[in-house]
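Counting the sequence shown from 1 gives a position; this note's numbering is that position plus 20. All C-beta atoms, glycine included, are put in the ideal place defined by N, C-alpha and C. Data first, discussion second: the structure below is written as structure tokens.
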Amino acid sequence: MSDKFISGIHNYCDRWCERCTFTSHCRVYEKTSNLTPEQEDINNKAFWENLTENFKNTLELIQKEAIKHGIDLSKPLSIEEVRAYKIKEEEFEIETDKNPIFILCKKYQAITMPFLNESEGMVDKARELLDHLHLGIHSEKDVVYTLADIGDCFRIIEWYLFFFEVKLKRAFRFKIEGEEWEVENGYPKDSNGSAKIAIVAIEKSMAAWACLYNLLPTCQDKAIQVLSYLEQLKRKALQEFPEAMHFKRPGLDN
Ligand code: SF4
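Structure (structure tokens):
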């Protein structure tokens, strides 16, 4: 095994590989970015060979995890066990649905989705910038940079729109399961690592909204409303996972 790879880095990153500076140290990136045209073609044998290889690797990882937790995968689950698993999953969904953290996530998404779809405020801003360009108030360079900044804010908000909810759910799941094995064996708790990347994503979204507040005056009311949701969300996530920000993410935190 080459040691250029940082073990587990992909578990606590934001999966934005296009903007990641650790691509050469990431096994997931190596596996997903260097596909040949044949490996991307569903009608080609190479596609299925690559998929089989990925399944094999995933299965090995699952088997390792199962051994770690004392589960014998060779024994099929009984009907009772399957039923118990389903009930547990349903209870988890009900529990998280009424948790204020996930209620805030949903409220945030409900406001942000239409905002992004309609690119709200962009047309007004573009017109204003063009007027200013013609009047000589702004240079062409200013206009290009301002539009690029707005576009970047939209991309950041879009990227994290569902991301932090998914990561917070993962954090909750691990917390509910207890993480005894990790505690007993001296490993950091995954719940804290997942909560940390969720909080980092919330902070990045807040920075993007604050930037839009300044750049798109017509969207200021909306920006204030979502910033208030995100601030509450961050506070509640920190209350629920008070150790999260101390978690050292492999490769990403010093
Ligand atoms: S560590 Fe970087 S390259 Fe690897 S999956 Fe995460 S974002 Fe992508």
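Grab the span of the alpha helix (DSSP H) containing residue i for me, first residue to last.
i	result
Gly213	210-235
Pro134	120-137
Arg39	Note, Arg39: premise wrong, no alpha helix (DSSP H); not H, not E.
Leu247	240-260
Met142	142-155
Gly271	Careful: Gly271 lies outside any alpha helix (DSSP H) and carries neither H nor E.
Asn54	Asn54 -> no alpha helix (DSSP H), and no H or E assigned at all.
Ile91	Neither: Ile91 is in no alpha helix (DSSP H) and is coded neither H nor E.
Phe183	183-197
Gly171	160-180
With a 10 Å radius around its C-beta and 16 neighbouring C-beta atoms as the bar for buried, classify residue i as buried or exposed.
i	result
Asn212	buried
Thr132	buried
Glu113	exposed
Trp68	exposed
Leu236	buried
Asp210	buried
Met265	exposed
Tyr180	buried
Ala168	exposed
Ile29	buried
Leu55	exposed
Ile62	exposed
Tyr128	buried
Ser214	buried
Ile99	exposed
Ile170	buried
Measuring only from the beta carbon, is residue i closer than 7 Å to any heavy atom that is part of the ligand SF4?
i	result
Arg35	yes
Tyr49	yes
Phe261	no
Thr43	yes
Ile176	no
Ile29	yes
Cys40	yes
Cys231	no
Leu239	Going by the sequence as given, residue 239 is Cys instead of Leu. No, since every heavy atom of the ligand SF4 falls outside the 7 Å radius drawn around the Cβ of Cys239.
Cys46	yes
Is any heavy atom of the ligand GTP found at a distance shorter than 7 Å from the C-beta of residue i?
i	result
Ile244	This structure lacks the ligand GTP; the ligands present are the ligand SF4.
- Is it true that the region 132-141 meets the region 235-248, where meeting means three or more beta-carbon pairs spaced less than 8 Å apart? yes
- Item | Touch test, the region 140-154 against the region 262-274, Cβ-Cβ under 8 Å, three pairs minimum | no
- Could you tell me whether the region 154-164 touches the region 183-191, using the rule of 3 or more Cβ pairs below 8 Å? no
- Message: Check whether the region 223-242 and the region 48-57 are in contact - that is, three or more C-beta pairs closer than 8 Å.
- Response: no
- Query: Would you say the region 218-235 touches the region 252-263, given that touching needs at least three Cβ pairs under 8 Å?
  - Reply: yes
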